[in-house]
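Positions 3 to 308 (the numbering used here) are the ones given, in order, by the sequence shown. Working notes, beginning with the structure itself.
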Amino acid sequence: MGELLALTSALCFGTTHFLSGLVSRRHHGVTVAACAQAGGTAVSLVPVLLTHAAPAPPSALAWGALSGVGTGVGVACLYRAMNTGPMSVVVPVSDITAVGVPVAAGIAFLGDRPSPSALTGIALALPALWLISRGGTGHAPTAQTPTGRTPTAQMPTAQRPTAQPPTGRRAAAPLVTALIAGLGLAVHFFALARVPADAGWWPVVVSRVLSVAVILALLPAVGASVRLPWRAAVTAAAAGALGTLATVLYLLATRQELLSVAVVLSALYPAVPVLLALTVLRERITRPQVAGVLGAGAALALIALG
């Protein structure tokens, strides 16, 4: 059951990224992320209000708060890295860091002991995730397609790739930002898994609220506005609602499955926007992405056998 919850979480996370990617074609990604997180926050309040949930223990709220800070920092830094560096590098670095750190922490500190088959699946999932996330090549501007690629003609002139790539510190800065993004998302995954089973939904609400606060605080640093046209805002909010559902499903999965397994299965979500772009938008996907999707399928089979 835990594996099914984690896979459903990945499906929701992936659909969230697909919808956010559509909106981000025309609007700043961090603004879209802020609106999505706000929509997710509103949805997270529904079960709390309907069930008149009792307050959660302070320790559970603290884990929820840490999860929210990690989400906010991770999302904002990821978009910042994509705006300043090659997406074919920054996205895989962020994704692998976000998955690898919780897996290592689960095995080293939480006593996770996946079966040999599951360990093989985890080992296969990491390069598969890298291949899926790489997408195309070149610089990624603010507006992106759901598969992470934007036609150069749609980019503002100042953001179009130049013939001479940045060197030295300028070249390293996006990579460092991508690592910070990955660490932030890793904190989100790990902290959420530490929320006790009897804590109710308040930690999720706290996580969503803190993520919105962090992203809003970082908007001026990335030069993004807080406003979106209403149609874009509705789509982003719907994406955020799915994101909250994905978070809840992941939280439930960690209560029934090892963290090292649940986080890997949930983190396979990049395959979803790739497949949706192929089937819905009729976009082409690269051979590495095809190999990554096949590798992810094999990883799922191995983990299920374990």
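Cβ atoms here follow ideal geometry from the backbone N, Cα and C, with glycine treated the same way. Note that the coordinates shown come from a computational prediction; the quantities given were computed from them, not determined experimentally.
query	result
Which of the three DSSP states, helix, strand or coil, is assigned to P88?	strand
Can you tell me the Cβ-Cβ gap for V214 and V50, rounded? I've got them flagged as a contact below 8 Å.	Not quite, the Cβ-Cβ distance comes to about 16 Å (not below 8 Å), so this is no contact.
Comparing alpha-carbon positions, which option in A64, P118, V95, A107 lies nearest A130?	V95
Which word fits R28, buried or exposed, when buried means at least 16 other C-beta atoms lie within 10 angstroms of its C-beta?	exposed
Find out if the Cβ-Cβ distance for the pair L212, G74 is shorter than 9 Å.	yes
What are the boundary residues of the alpha helix (DSSP H) that G5 is part of?	The sequence shown places Glu at residue 5, not Gly. Run containing E5: 4–25, per the alpha helix (DSSP H) assignment.
By Cβ distance below 8 Å, which residues in the same chain neighbour A160 in space, the five residues on each side in sequence not counted?	Interpretation of A160 is limited by its pLDDT of 41, a score under 50 that renders its predicted location unreliable; no figure is taken from the coordinates.
What separation, rounded to the nearest whole angstrom, lies between the Cα atoms of P275 and V178?	25 Å
Within 8 Å, do at least three Cβ pairs link the segment 41–48 to the segment 239–257?	yes
Write down the C-beta distance between A83 and V92 rounded to the nearest angstrom, noting that I regard them as a contact closer than 8 Å.	4 Å
Out of S26, V105, F192, point me to the one whose CA is closest to G72's CA.	F192
Could you name the residues of the same chain whose beta carbon sits closer than 7 Å to that of L63, not counting the 5 residues immediately before and after it, in chain order?	W204, P205, V208
When you compare only the Cα positions, how much space is there between Y271 and R233?	25 Å
Assign R82 to one of three DSSP states: helix, strand, or coil.	helix
Can you list the alpha helix (DSSP H) stretches of 4 or more residues lying completely in the segment 231–293, in chain order?	232–256, 261–268, 273–281
Inspect the CB distances between the segment 180–196 and the segment 101–120 and report whether three or more fall short of 8 Å.	yes
So, helix, strand or coil for W203, using DSSP?	coil
CA-CA distance, M157 and A273?	At M157, the pLDDT of 40 sits below 50, so the modelled position is not reliable and the matter cannot be decided from this model.
Give me the Cα-Cα distance between R162 and P88, rounded to the nearest whole angstrom.	For R162, the predicted structure reports a pLDDT of 42, less than 50, and the residue's modelled location is therefore unreliable. A value from the coordinates is still provided. Approximately 11 Å between the Cα atoms of the pair.
To which residues of the same chain is A1 closer than 7 Å at the C-beta, ignoring the five residues directly before and after it?	Residue 1 lies beyond the range of the chain shown here (3 to 308); nothing can be said about it.
Report all residues from its chain with a CB closer than 8 Å to the CB of V228; omit the five preceding and five following residues, and keep chain order.	T33, A36, L218, L221
Give the secondary structure of G186 by DSSP, where H, G and I count as helix, E and B as strand, and everything else as coil.	helix
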